[in-house]
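Below you'll find the structure, written out as structure tokens, and then a few comments.
In UniProt numbering, the protein residues as written are 1 to 255.
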């Protein structure tokens with residue numbers, strides 16, 4: 001019984017590892033309510049952001065996602081960190097990419113999906129997400145030629161009303177609105193965007209998650225400096241097979 005169970009688990013993990021390393025399209029239905037026009041409309045509110053519609057073919061993020069179906073967030077200076085958290089590419093085209101965030105819990109033997117969102121490709125190797133009025137912009141700072149890893153910066157612009165941010169004097173009252181500068185939104189009344197700090201993350205695919213190319217490690221280290229970070233210290237049992245919570249339920253009782 002024990003040997004048969006071990007073989008079963010090995011086969012499940014082998015299958016998961018194979019799928020994690022696939023480079024062909026892994027498609028699901030486009031999530032309702034997440035469209036290219038939504039992301040475009042929100043990004044137009046940001047002052048100084050170009051709206052060049054021809055940049056997608058030049059965007060390095062596009063190439064990076066063409067090379068990967070799953071990327072592990074190995075290290076990050078951002079908060080809200082769960083170990084063994086993956087970005088899964090569900091769909092992609094010249095306009096953007098649809099990603100699902102999911103986490104696998106090795107100790108429990110199951111995974112959990114959190115959300116599926118559409119990211120619009122933009123200038124300067126960026127991709128932009130709209131989420132309940134907030135805007136997140138990620139930029140690909142470096143990616144390995146083989147597509148095995150990449151270093152990304154990201155910044156969140158939080159939506160706020162006039163009561164929170166009006167007449168905000170950043171020099172004398174830096175703690176207002178999360179200690180960040182608030183900018184009036186173009187073409188909108190009584191609406192502000194409060195800029196959060198810039199964070200960084202190191203993404204890696206399943207093939208190299210325990211052997212990250214040196215170029216990615218050194219580039220990430222250069223950008224974060226002495227900032228505090230969260231990282232995966234132990235990758236034992238970590239797999240991208242986190243989209244089916246009932247895939248593995250653990251040993252079953254014979255009673």
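Glycine included, every Cβ here is placed at the ideal spot set by N, Cα and C. Remember, it's a predicted structure, so these values are computed and weren't measured experimentally.
Anticipated Cβ contact below 8 Å, residue i with residue j, distance rounded
{"i": "residue 103", "j": "residue 82", "result": "5 Å"}
{"i": "residue 129", "j": "residue 219", "result": "Wrong, their Cβ atoms sit about 23 Å apart, outside the cutoff."}
{"i": "residue 203", "j": "residue 150", "result": "5 Å"}
{"i": "residue 77", "j": "residue 227", "result": "5 Å"}
{"i": "residue 138", "j": "residue 126", "result": "6 Å"}
{"i": "residue 96", "j": "residue 119", "result": "5 Å"}
{"i": "residue 256", "j": "residue 152", "result": "Examination of residue 256 is not possible in this model, given that the chain is present from 1 through 255 alone."}
Beta-carbon proximity of residue i to residue j, cut-off 9 Å
{"i": "residue 89", "j": "residue 232", "result": "no"}
{"i": "residue 112", "j": "residue 242", "result": "yes"}
{"i": "residue 154", "j": "residue 136", "result": "yes"}
{"i": "residue 238", "j": "residue 106", "result": "yes"}
{"i": "residue 143", "j": "residue 60", "result": "yes"}
{"i": "residue 210", "j": "residue 235", "result": "yes"}
Under the three-state DSSP convention, the category residue i falls into
{"i": "residue 224", "result": "helix"}
{"i": "residue 249", "result": "For residue 249, the pLDDT reaches just 39, beneath the cut-off of 50, and the residue's location in the model is therefore unreliable, although a value from the coordinates is still provided. Reduced to three states, the DSSP call for residue 249 is coil."}
{"i": "residue 58", "result": "helix"}
{"i": "residue 230", "result": "strand"}
{"i": "residue 236", "result": "coil"}
{"i": "residue 82", "result": "coil"}
{"i": "residue 242", "result": "coil"}
{"i": "residue 198", "result": "coil"}
{"i": "residue 91", "result": "strand"}
{"i": "residue 100", "result": "strand"}
{"i": "residue 20", "result": "helix"}
{"i": "residue 76", "result": "strand"}
{"i": "residue 173", "result": "Low local confidence applies: a pLDDT of 49 at residue 173 is under 50, so the model's placement there is unreliable, with the coordinate-based value given in what follows. Looking at residue 173 - three-state DSSP - the assignment turns out to be coil, as it is neither helix nor strand."}
{"i": "residue 209", "result": "coil"}
Member of the options whose CA lies at the smallest distance from the CA of residue i
{"i": "residue 157", "options": "197, 120, 147, 101", "result": "197"}
{"i": "residue 93", "options": "70, 116, 63, 73", "result": "63"}
{"i": "residue 86", "options": "206, 108, 66", "result": "206"}
{"i": "residue 58", "options": "124, 235, 98", "result": "124"}
{"i": "residue 229", "options": "66, 65, 134, 73", "result": "73"}
{"i": "residue 212", "options": "66, 65, 71", "result": "71"}
{"i": "residue 215", "options": "108, 79, 69, 145", "result": "145"}
{"i": "residue 68", "options": "108, 159, 98", "result": "98"}
{"i": "residue 195", "options": "65, 160, 66, 79", "result": "160"}
{"i": "residue 65", "options": "79, 91, 217, 84", "result": "91"}
Whole beta strand (DSSP E) elements within the segment 102 to 169, 3-residue minimum: Listed in chain order, the complete beta strand (DSSP E) runs (minimum 3 residues) inside the segment 102 to 169 are 110 to 122, 126 to 131, 134 to 143, 149 to 161.
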